[in-house]
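Numbering (full-length UniProt numbering), first residue to last: 1 to 508.
Using N, Cα and C, we set each Cβ at its ideal position, and we do this for glycine too.
Computed from a predicted model, the values in this text were never measured in an experiment.
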């Protein structure tokens, strides 16, 4: 139940002259738990603390000691204000009562003659009702905002943003698979490393638990986001003010919506993995056009023309997410290439299992020269991996057997590039020609080689002036650092250029 607190100041402002402080003292900003009316000498057994007690003064008859004792009992019980009704028991405020209340720091107020106590009572509950209605409306508005956030394309980011703003602090969602955190506001990125450490320390994975801890001098609440037996991640919040019951309910609603979002993403991931496996299986078996169609349906973008094939061997490889595989394989590489390889694996669209090995198709490929392979297998590693040279989609089928054999004999804990799997120089040449965007070097070189170096024949086929062809061939020669008239170079490059599509348009 949400407890609505009304202050003494609010009540006095609502009643005006019907409830006034004694003397020239102002009204204290004190929260009231209720208004109680009693004419008993000792009403404390019926009080919980925090009340405004109203009396006509009947219990105040007698000597000064009795008045002081009465006030002491009230303050000991936690009464926060005393209201004296004039006209029935007394026509004025007893001086000793005023002194006793001042000594006990108990606010003393008067209800003028002719004003019934029920008017004060009703005014209090009217304020409670209005405040409760306003709080309920605000709470419902925030709950609605959360529900709407969960339906947006970036549901996790939207939910986190609503929570952070509503609490006047920050909110962070930490995926259990160690992928990138989602947080609001973006200025709070400095909290992420220590927050990850605290999350690891509490080890909430697999539980429906919450933890609280201090971070940079502020209280943090963290909840595990669980769907069934799977932990999707953790929600951490830090409010900019004391949390109210409505705030806690809002956070729990956020947890529920994040769990629903995680379930939806898991279902989508499962569906995508089936499509991904289908496309990858088609590709490694040589059905390139079919693989292109399925892959484009999966991601809405065509496959890259040049890819790499990554094979992984080890226990329960199929049970690892692609993100987890990226971490495992990247740990086998040192140098600047490790991060590029990690990202390439994480963004891989095609993955399948063939003959006991897990294959991933990497696009765009990473040059093997960037990888600084570790010199000895990683201790405690459970996986071996082999990566191929960059190749055309049409070449993938022919490379599978070599990659497969290399992966079967690769040492556990090492990323290998087996014999015959390194980038051929022709593949490097094709990459250089394809990357040039100011003219169609691929088409020009292919025509030049087809016509055995004859300028005129190439110019006619390309509908260019022979000097333009000569200029382009000069650029191509500089790019690949090889002589196109060398029979070995021309033969190797001619084979590599077969099937390469010409990208348009070119800059002029």
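Using three-state DSSP, classify residue i as helix, strand or coil.
{"i": "residue 152", "result": "coil"}
{"i": "residue 37", "result": "strand"}
{"i": "residue 198", "result": "helix"}
{"i": "residue 72", "result": "helix"}
{"i": "residue 59", "result": "helix"}
{"i": "residue 430", "result": "helix"}
{"i": "residue 557", "result": "Only positions 1 to 508 of the chain appear in this structure, which leaves residue 557 out of reach."}
{"i": "residue 115", "result": "coil"}
{"i": "residue 6", "result": "strand"}
{"i": "residue 391", "result": "strand"}
{"i": "residue 123", "result": "helix"}
{"i": "residue 21", "result": "strand"}
{"i": "residue 32", "result": "strand"}
{"i": "residue 436", "result": "coil"}
{"i": "residue 415", "result": "strand"}
{"i": "residue 100", "result": "helix"}
{"i": "residue 401", "result": "helix"}
{"i": "residue 193", "result": "helix"}
{"i": "residue 45", "result": "helix"}
{"i": "residue 243", "result": "coil"}
{"i": "residue 465", "result": "coil"}
{"i": "residue 422", "result": "Legend: pLDDT at residue 422 = 46, less than 50; position of this residue unreliable, value from coordinates given subsequently. Residue 422: coil per DSSP, three-state reduction."}
{"i": "residue 482", "result": "coil"}
{"i": "residue 261", "result": "helix"}
{"i": "residue 88", "result": "coil"}
{"i": "residue 410", "result": "coil"}
{"i": "residue 16", "result": "helix"}
{"i": "residue 26", "result": "coil"}
{"i": "residue 454", "result": "coil"}
Starting from the C-beta of residue i, find all residues in its chain whose C-beta is less than 7 Å away, skip the five residues before and the five after it, and write them out in chain order.
{"i": "residue 173", "result": "156, 160, 181, 182, 233, 235 and 258"}
{"i": "residue 194", "result": "215"}
{"i": "residue 381", "result": "412 and 413"}
{"i": "residue 295", "result": "279, 303, 349 and 350"}
{"i": "residue 88", "result": "56"}
{"i": "residue 490", "result": "449 and 484"}
Rounded to the nearest angstrom, how far is the Cβ of residue i from that of residue j, given a contact under 8 Å?
{"i": "residue 27", "j": "residue 9", "result": "5 Å"}
{"i": "residue 396", "j": "residue 283", "result": "5 Å"}
{"i": "residue 105", "j": "residue 71", "result": "Their Cβ separation, rounded to whole angstroms, is 10 Å, which puts residue 105 and residue 71 out of contact at 8 Å."}
{"i": "residue 198", "j": "residue 216", "result": "Rounded, the Cβ-Cβ distance is 11 Å, inconsistent with contact."}
{"i": "residue 329", "j": "residue 312", "result": "7 Å"}
{"i": "residue 345", "j": "residue 318", "result": "Rounded, the Cβ-Cβ distance is 15 Å, inconsistent with contact."}
{"i": "residue 387", "j": "residue 415", "result": "6 Å"}
{"i": "residue 120", "j": "residue 19", "result": "6 Å"}
{"i": "residue 262", "j": "residue 225", "result": "6 Å"}
{"i": "residue 80", "j": "residue 52", "result": "7 Å"}
{"i": "residue 25", "j": "residue 77", "result": "With a Cβ gap of about 22 Å, residue 25 and residue 77 do not count as contacting."}
Can you check DSSP and say which residues form a bridge with residue i?
{"i": "residue 175", "result": "233"}
{"i": "residue 182", "result": "173"}
{"i": "residue 225", "result": "233"}
{"i": "residue 248", "result": "Its beta-bridge partners do not exist; DSSP assigns none."}
{"i": "residue 83", "result": "54 and 109"}
{"i": "residue 167", "result": "Beta-bridge pairing links residue 167 to no other residue."}
{"i": "residue 487", "result": "DSSP output for residue 487 lists no bridge partner at all."}
{"i": "residue 477", "result": "According to DSSP, which records beta bridges pairwise, residue 477 is partnered with nothing at all."}
{"i": "residue 361", "result": "309 and 350"}
{"i": "residue 238", "result": "170"}
{"i": "residue 220", "result": "213"}
{"i": "residue 385", "result": "312 and 415"}
Only counting the same chain, and skipping five residues up and downstream in sequence, which positions put a Cβ closer than 6 Å to that of residue i?
{"i": "residue 192", "result": "181"}
{"i": "residue 266", "result": "none"}
{"i": "residue 54", "result": "37, 83 and 117"}
{"i": "residue 177", "result": "321 and 323"}
{"i": "residue 448", "result": "458 and 473"}
{"i": "residue 220", "result": "213, 236 and 238"}
{"i": "residue 169", "result": "238, 239 and 240"}
{"i": "residue 383", "result": "312, 314 and 328"}
{"i": "residue 479", "result": "432"}
{"i": "residue 364", "result": "304"}
Determine whether the Cβ of residue i lies closer than 8 Å to any Cβ atom of chain B.
{"i": "residue 242", "result": "Looking for chain B here will not work: only one protein chain is present."}
Can you list, in chain order, the residues of its chain whose CB lies under 8 Å from that of residue i, leaving out five sequence neighbours each side?
{"i": "residue 495", "result": "426"}
{"i": "residue 6", "result": "31, 32, 124, 127, 128 and 131"}
{"i": "residue 91", "result": "113"}
{"i": "residue 17", "result": "112"}
{"i": "residue 185", "result": "164 and 170"}
{"i": "residue 477", "result": "483 and 484"}
- Task: Go through the region 272-320 residue by residue and report every complete run of the beta strand (DSSP E) that reaches 3 residues or more, in order.
- Result: 306-314
In chain order, which continuous runs of the alpha helix (DSSP H) of length 4 or greater are located wholly inside the region 327-359?
-> 337-346
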